[in-house]
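Right, one structure below, let's go through it.
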Amino acid sequence: MSASPPPETLLAAIREVVGNAPSIPLHEPLFAGQEWRYVKKCLDSGWVSSAGGFVTEFEQRLAAYTGAANVVATSSGTSALHLALVAVGVRPEDEVLLPALTFVATANAVKYCHAVPHFVDIEPATLGVDPAALADHLRRTAVRDTAAGCWRNRDTGRRLAALIVVHAFGHPARTNALAAVCQEYDLPLVEDAAEALGSWRGGRHAGTTGRVGVLSFNGNKIITTGGGGAVLTADAGLAARIRHLATTAKQPHPWEYHHDAIGYNYRMPNLNAALGCAQLQALPGLLAKKRHLAERYAARLAPLAGVTFVAAPQGTTSNYWLNTILLADPAQRSPLLTLAHEQGIGLRPAWTPLHQLPMYLTAPKANLSRTENLAARIVNLPSSPGLPAI
Numbered sequence: 583m584s585a586s587p588p589p590e591t592l593l594a595a596i597r598e599v600v601g602n603a604p605s606i607p608l609h610e611p612l613f614a615g616q617e618w619r620y621v622k623k624c625l626d627s628g629w630v631s632s633a634g635g636f637v638t639e640f641e642q643r644l645a646a647y648t649g650a651a652n653v654v655a656t657s658s659g660t661s662a663l664h665l666a667l668v669a670v671g672v673r674p675e676d677e678v679l680l681p682a683l684t685f686v687a688t689a690n691a692v693k694y695c696h697a698v699p700h701f702v703d704i705e706p707a708t709l710g711v712d713p714a715a716l717a718d719h720l721r722r723t724a725v726r727d728t729a730a731g732c733w734r735n736r737d738t739g740r741r742l743a744a745l746i747v748v749h750a751f752g753h754p755a756r757t758n759a760l761a762a763v764c765q766e767y768d769l770p771l772v773e774d775a776a777e778a779l780g781s782w783r784g785g786r787h788a789g790t791t792g793r794v795g796v797l798s799f800n801g802n803k804i805i806t807t808g809g810g811g812a813v814l815t816a817d818a819g820l821a822a823r824i825r826h827l828a829t830t831a832k833q834p835h836p837w838e839y840h841h842d843a844i845g846y847n848y849r850m851p852n853l854n855a856a857l858g859c860a861q862l863q864a865l866p867g868l869l870a871k872k873r874h875l876a877e878r879y880a881a882r883l884a885p886l887a888g889v890t891f892v893a894a895p896q897g898t899t900s901n902y903w904l905n906t907i908l909l910a911d912p913a914q915r916s917p918l919l920t921l922a923h924e925q926g927i928g929l930r931p932a933w934t935p936l937h938q939l940p941m942y943l944t945a946p947k948a949n950l951s952r953t954e955n956l957a958a959r960i961v962n963l964p965s966s967p968g969l970p971a972i
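Counting from 583, one number per residue, gives the positions in the sequence shown under our numbering.
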């Protein structure tokens with residue numbers, strides 16, 4: 583196994599890229615446009631909750647940018663994913679396939695449906711679900727239930743209800759190949775594009791290939807609404823159902839309160855949308871800054887043996903939400919992270935693979951050897967659009 587550079591050497595190289603400020607966070611927002619003006623306009627209007635013109639404007643701007651026919655703004659990326667799963671028909675005791683390398687909210691949204699996460703492996707090139715490994719796993723695991731018109735896990739008997747693909751750290755997964763596998767097994771493809779605003783594959787924005795996709799606008803994302811998310815879909819009927827469920831399933835009426843289903847209070851407030859409209863205006867500039875930062879990292883780290891910069895997969899344009907490196911030797915990661923945090927440099931490891939978390943230890947899973955290998959070697963680098971810091 584190749585040795586990775588000593589922590590001091592690697593941190594010195596990172597400092598050359600990001601600057602010498604005493605504290606360099608992993609990712610922080612940049613407010614350099616119309617944010618103050620838009621938020622003040624919202625406050626002056628008095629419409630700060632889920633009703634208001636900025637919500638509609640934000641959805642329309644997102645639709646125009648991503649090419650999605652329908653956009654529903656929500657209170658968070660997690661709520662968007664929950665609504666997406668409900669809308670595509672995930673039911674209690676179903677199984678939903680998803681990668682084990684993702685933020686815990688992806689699996690939690692499955693549990694909110696009283697369904698069961700079923701973890702599948704990823705590929706090194708995209709850090710997303712591996713289409714070939716998924717197809718191989720389903721050939722061995724899935725059995726057709728002709729009477730019920732669905733596919734089931736032959737070991738558990740549960741219906742296989744959907745596949746969630748995650749565009750990890752902003753790098754687009756191979757959605758076309760994954761969609762082909764989903765078609766074979768009658769699985770709705772749900773794209774967790776929470777980290778991938780501004781990322782494209784083959785001329786399609788992340789989150790627009792599957793039946794439904796979701797975005798996040800948490801404080802650490804490419805753009806932020808403080809907290810918020812959105813659902814993207816080409817299906818107008820699906821969008822209408824999601825919008826209805828997000829608004830507590832209330833039937834439209836001037837004064838009556840009639841609800842026809844169990845709904846959720848998941849709509850984005852107007853105040854958050856006002857911030858989002860300003861951030862969307864700034865998005866092209868933010869993406870340019872982040873891609874330039876990625877180019878600087880790639881160039882500076884290229885001469886170092888034992889460390890690989892994770893570049894945009896072939897045929898994609900990545901937003902480089904979090905710049906990522908792979909260490910050749912996983913044993914060298916802990917010393918690197920320890921020294922980085924002592925120096926105020928916000929490096930972080932990947933998420934703990936979800937099948938290793940206590941609440942998901944017994945969940946069904948494929949062979950996750952590559953997930954475990956990659957997760958042990960990943961380090962995320964400071965990626966704020968305002969870098970380098972002085």
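We put the CB at the ideal spot given by N, CA and C, even for glycine.
Query                                                                                                    : Result
Any beta strand (DSSP E) of 3 or more consecutive residues that is wholly inside the segment 727-751     : 732-735 and 742-748
The segment 752-763 in contact with the segment 685-702 per 3-pair CB rule at 8 Å                        : no
Residue interval of the beta strand (DSSP E) (run including F978)                                        : For the chain, the structure presents residues 583 to 972; residue 978 sits outside this window and is missing.
Continuous beta strand (DSSP E) stretch holding F891: start and end                                      : V889 to F891
Pairwise C-alpha distance: M941 and R741                                                                 : 21 Å
Proximity to T648 [Cα-Cα], best of G888, P611, G635 and P866                                             : P866
Contact belief for H609 with N802 at Cβ below 8 Å, rounded distance in angstroms                         : 5 Å
Three or more C-beta pairs below 8 Å linking the segment 625-635 and the segment 882-892                 : no
Nearest to S661 (by Cα), restricted to the options F799, K832 and I927                                   : F799
For E677, three-class secondary structure by DSSP                                                        : strand
Exposure of P917, with buried meaning 16 or more beta-carbon neighbours within 10 Å                      : exposed
Assigned secondary structure, P805 (DSSP; H/G/I helix, E/B strand, else coil)                            : It should be noted that the sequence gives Ile, not Pro, for residue 805. Residue state, collapsed to three classes: coil.
Nearest-angstrom Cα separation, counted from A729 out to L720                                            : 19 Å
Backbone CA spacing between L936 and P970 [nearest angstrom]                                             : 33 Å
Spatial distance of L869 from G926 (CA atoms)                                                            : 25 Å
A744 and V678 closer than 8 Å at C-beta                                                                  : yes
Proximity below 8 Å, CB of P604 to CB of V670                                                            : no
G867 - DSSP class collapsed to helix/strand/coil                                                         : helix
T708 beta carbon less than 8 Å from that of P895                                                         : yes
C-alpha gap between V672 and K947, whole angstroms                                                       : 18 Å
Three-way DSSP call (helix, strand, coil) for T898 in this model                                         : strand
Coarse secondary structure for L797, derived from DSSP in three states                                   : strand
Nearest-angstrom Cβ-Cβ length linking A691 and H749, presumed shorter than 8 Å                           : No, A691 and H749 are not in contact; Cβ-Cβ is about 16 Å, not under 8 Å.
Given 8 Å, three or more beta-carbon pairs between the segment 650-659 and the segment 850-861           : yes
Continuous alpha helix (DSSP H) assignments of at least 4 residues falling wholly in the segment 617-642 : 617-627
Residue interval of the beta strand (DSSP E) (run including T530)                                        : Residue coverage of the chain in this structure runs from 583 to 972, which leaves residue 530 outside it and unanswerable.
Continuous beta strand (DSSP E) stretch holding I960: start and end                                      : I960 to N962
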